[in-house]
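What follows is a short report on a single structure.
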Amino acid sequence: MGIKNRLKTGIQKNLNQKYIKRLLGIIATKPVLYAYGSTFPTISDKYLNIFTIESLKKAYSDNSHPVGYGSLFLPYEMFHALGITPFLPEVMAGFTAGLGLAPQTLKEASSNWYSQDLCTFHRSASGASELDVFPRPDFIITTNLACDAAQKSFYIHSVKYDIEKNFYLIDVPYRYSKESIRYLTAQIKNICMDICSKTGKKFDISMFKEVIDLSNEFRKWAIEVSILRKTLANYPPYYNGLNFILPFHGLAGTREAVILYKQIYKELKKYSSKEKKENSNKNKQVKRILWLHLKPYYRNEIFDILDRENCRVVFEEINHVYWPELDYEKPFESLAKKMLSHFLVGSIDNRINVILKAARDYRADGAILFSHWGCRQSNGGARIIKDSLKKLNIPTLVLDGDCVDQNNSSQGQVKTRLQGFIEILNSEPK
Amino acid sequence: MYTCGIDVGSVSTEVVILDSKYNKIASYVIAPTGSDSKNAAREAFDSSLKQAGLTDNDVKAIVATGYGRINIPFADKNITEISCHARGAISLFPDLKTVIDIGGQDSKVIKLEGGNPIDFLMNDKCAAGTGRFLEVMARAMEINLEEFAPIFIKTTDKVDITSTCTVFAESEIVSLIGQGVDKNKIIKGLIYSIADRITSMIERLGLEEPVCMTGGVAKNMGMVKALEEKLGVKINIPDEPQITGALGAAYLAQNIH
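Protein sequences appear in the order of chains S and C. Take 51 as the starting number for the first sequence in the working numbering and just add one per residue. Take 101 as the starting number for the second sequence in the working numbering and just add one per residue.
Encoded structure:
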């Protein structure tokens with residue numbers, strides 16, 4: 051049994067914090083970590099896994115920095131500037147799916163009155179929290195940006211750990227305006243000041259300097275990756291742009307994010323040169339897929355089928371760099387602008403514009419919208435997104451499923467829909 | 101030259117052998133799938149060969165479709181029911197724009213343009229809106245499924261069935277019977293409830309004529325009439341709607357070189 055399977059089986063049998071801490075203690079020692087890292091097919095994958103483990107070790111460590119739970123769409127630069135170790139329960143829910151733990155965490159959530167109707171990212175995370183699998187948070191920061199479940203379920207975490215006074219909700223206004231920027235800037239500033247007063251740290255604006263510089267550097271490489279991908283038809287084996295949610299959000303403002311995205315760029319660049327040398331006719335046959343929303347994080351056949359049928363995901367909506375460069379002299383305002391620039395803020399037209407531009411830029415032949423159970427912010431727009439893409443003659447498959455709970459859809463049904471869609475993409479006019 | 105299509109569904113397996121020179125059906129077989137779909141497919145294929153007076157070697161290519169399509173080792177290729185039903189229906193009604201297929205396990209609506217499927221919707225989350233739903237209800241009422249159509253046509257009034265879950269709908273029916281409600285009205289209500297679900301799928305894709313209905317449930321004229329009434333269009337029904345998927349598969353097998 052390989053190291054990954056041993057890890058998976060071990061954690062499935064011993065789903066408790068003590069075991070996780072012990073496991074992280076072993077795996078996050080340099081020799082083991084690098085041995086573990088070398089089991090991944092690419093250096094970027096290795097970095098992704100090593101950085102994730104190091105970040106988790108820090109969060110689970112008893113004598114480390116304060117731990118802050120955060121929801122997905124926060125500007126994590128504020129965490130890093132304040133010296134708070136971010137812990138993202140929604141991302142962890144993805145891990146529960148990947149490690150085969152979701153049946154246990156979802157069952158626990160169900161036993162604790164979490165509705166079946168609640169998105170499984172939050173349900174699984176809440177179940178894990180109820181099982182005391184997560185590290186104890188010192189602060190919890192969430193937002194109403196896009197997701198309605200986060201603000202409620204994260205508050206429940208604060209009640210569980212008796213830290214309601216350290217719970218912060220960032221209220222993002224519906225429209226981008228000067229007034230909205232002022233309103234949001236004040237909130238972010240107040241939260242940072244409040245956290246500083248609670249941690250006993252004297253607030254100094256210079257603590258943002260390095261973080262903002264690193265965030266801009268990461269942004270630059272993320273844009274380079276996006277530009278390069280416009281020309282690519284094939285990808286290195288196992289490359290999946292949907293795996294980079296943690297670094298794209300949680301590591302923004304760290305050296306790790308810069309190293310990772312620089313490496314992704316290098317690998318894709320190398321592959322792009324290789325691709326140019328090969329027969330370009332082969333690449334013409336590839337069907338280019340634009341992926342909307344997330345993917346299932348448990349073992350599934352979706353990407354194997356796409357691969358087998360010569361379909362490549364050429365871009366993912368979630369990897370769109372939506373925010374402008376940050377200004378370290380105005381850190382709070384910059385972070386406010388970052389949040390307000392998100393395409394899920396405001397009208398569905400903002401999201402559609404991003405999707406249509408990506409469809410044109412990446413010359414998509416088709417789009418797949420993975421309709422994750424309970425995710426109303428995404429599923430609510432399915433019809434209008436499908437209709438908008440249709441105007442560009444791009445067919446869209448709205449693939450109903452669940453990113454975390456593998457029992458919420460049948461693999462066979464997903465397969466039939468996917469294959470049927472690919473057959474449509476490949477059909478020749480009669 | 102002959103090609104073959106095999107449609108392995110949850111309830112039945114259909115085989116069509118197509119004489120590709122004349123695009124005519126040489127033979128077809130409809131058999132229960134049972135618990136061993138691989139074996140059911142082989143037996144139905146053998147029986148179809150026998151009926152046409154052919155041997156394995158006479159068949160140039162075989163395409164498998166249906167939920168059991170990946171489990172047919174002697175098939176050359178597997179293609180989804182979406183493409184196969186569309187192709188089969190187009191071979192019978194060339195200008196078709198919409199195909200409604202209600203099978204034992206799922207129901208689907210396929211939108212066509214220029215003879216090609218361009219979009220589809222499937223309801224296979226549960227048995228609601230499928231042939232299985234009708235079967236379960238017929239059993240609960242102790243009435244043969246074949247009697248549903250004449251009852252639907254002659255009955256003027258209906259009782260609404262509100263449960264979408266097959267198990268709950270069955271309980272609802274048992275309870276209605278217990279209350280002394282006329283079974284004919286229940287049957288009328290049942291058929292309308294399926295028609296409502298299918299109509300909603302069609303409307304999501306946008307109804308365009310001509311429309312054709314395939315699959316085993318298309319043999320139930322009550323269901324066809326209910327849908328025609330809800331949609332306000334005439335629905336074309338193949339002579340043997342149950343073999344449309346297999347027929348389409350046999351046509352698509354002609355493309356295998």
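C-beta atoms are modelled at their ideal positions from N, C-alpha and C, and glycine is treated no differently. Please read these numbers as outputs of a predicted model, since none were measured by experiment.
Hey, how far is the Cα of residue i from the Cα of residue j?
| i | j | result |
| --- | --- | --- |
| K96/S | F90/S | 5 Å |
| F393/S | D146/C | 58 Å |
| T155/S | Y69/S | 16 Å |
| I103/S | S207/C | 46 Å |
| V255/S | C246/S | A small correction: the amino acid at residue 255/S is Ile; Val does not occupy that position in the sequence shown. Each residue's Cα considered, the two are about 12 Å apart. |
| A200/S | S176/S | 10 Å |
| G306/C | C184/C | 21 Å |
| D354/S | T262/C | 40 Å |
| K280/S | S120/C | 44 Å |
| A140/C | G134/C | 7 Å |
| D182/S | D219/C | 46 Å |
| A152/C | Y122/C | 15 Å |
| N240/S | L234/S | 10 Å |
| D188/S | G118/S | 6 Å |
| N55/S | L83/S | 15 Å |
| R362/S | K197/C | 30 Å |
| M241/C | V317/C | 18 Å |
| A152/S | S459/S | 14 Å |
| I298/C | E229/S | 48 Å |
| S421/S | I170/C | 25 Å |
| Y372/S | E306/S | 20 Å |
| K202/S | R426/S | 15 Å |
| I262/S | P374/S | 12 Å |
| A144/C | G105/C | 11 Å |
Going by C-alpha to C-alpha distance, which of the options sits closest to residue i?
| i | options | result |
| --- | --- | --- |
| L221/C | D455/S, D450/S, Q461/S and L475/S | D450/S |
| L234/C | K334/C, R187/C and S293/C | S293/C |
| D212/S | N350/S, L83/S, P287/S and R186/S | R186/S |
| V209/C | L347/C, E308/C and S148/C | E308/C |
| R142/C | M237/C, I125/C, A126/C and V163/C | V163/C |
| N350/S | N64/S, Q461/S and L181/S | Q461/S |
| R269/S | P139/S, H370/S and L65/S | H370/S |
| N113/S | I134/S, R426/S and R56/S | I134/S |
| A295/C | T256/C, K330/C, R169/C and L196/C | K330/C |
| N320/C | L347/C, I302/C, G231/C and I243/C | G231/C |
| L347/C | E181/C, L154/C, F252/C and F174/C | E181/C |
| A350/C | K177/C, K150/C and S137/C | K177/C |
| D257/C | V333/C, I287/C and E328/C | I287/C |
| S121/S | F298/S, T235/S, E306/S and S421/S | F298/S |
| I309/S | Y412/S, R467/S, K251/S and L264/S | L264/S |
| S477/S | L344/S, Q335/S and E366/S | Q335/S |
| K138/C | D107/C, I298/C, I243/C and L154/C | D107/C |
| C197/S | G75/S, D411/S and F123/S | F123/S |
| K319/S | G60/S, S94/S, I53/S and A85/S | S94/S |
| M237/C | T264/C, V333/C, T255/C and K160/C | T264/C |
| L327/C | N157/C, G214/C, I291/C and A353/C | I291/C |
Less than 7 Å between the beta carbons of residue i and residue j, yes or no?
| i | j | result |
| --- | --- | --- |
| S110/C | G204/C | yes |
| K481/S | Y126/S | Here chain S has residues from 51 to 480 only, and residue 481/S is not among them. |
| F204/S | T192/S | yes |
| L475/S | G416/S | yes |
| Y167/C | I343/C | no |
| A131/C | I117/C | no |
| G431/S | I405/S | no |
| T146/S | S174/S | yes |
| A414/S | I444/S | yes |
| L344/S | E367/S | no |
| L149/C | A186/C | no |
| E317/S | N284/S | no |
Which whole-angstrom value describes the C-beta separation of residue i and residue j, a residue pair presumed to lie in contact below a C-beta threshold of 8 Å?
| i | j | result |
| --- | --- | --- |
| E473/S | I356/C | With 8 Å as the limit, E473/S and I356/C do not qualify as a contact, their Cβ atoms being about 14 Å apart. |
| F26/S | L301/S | The shown model of chain S, from 51 to 480, leaves out residue 26/S, and the question about it has no answer. |
| T165/C | G345/C | 5 Å |
| K283/C | I277/C | 7 Å |
| V141/S | L296/S | 5 Å |
| Q62/S | G144/S | Actually they do not touch by this definition, with Cβ atoms about 16 Å apart. |
| P346/S | I352/S | 7 Å |
Below 8 Å, can you find three or more Cβ-Cβ pairs linking the stretch 163-174 of chain S to the stretch 451-471 of chain S?
yes
Does the stretch 336-346 of chain C come within contact of the stretch 257-270 of chain C, defined as at least 3 CB pairs closer than 8 Å?
no
Is the stretch 370-385 of chain S in contact with the stretch 119-134 of chain S, if contact means three or more CB pairs nearer than 8 Å?
yes
Flag this pair as touching only if the stretch 187-206 of chain C and the stretch 299-314 of chain C have three or more C-beta atom pairs under 8 Å; answer yes or no.
yes
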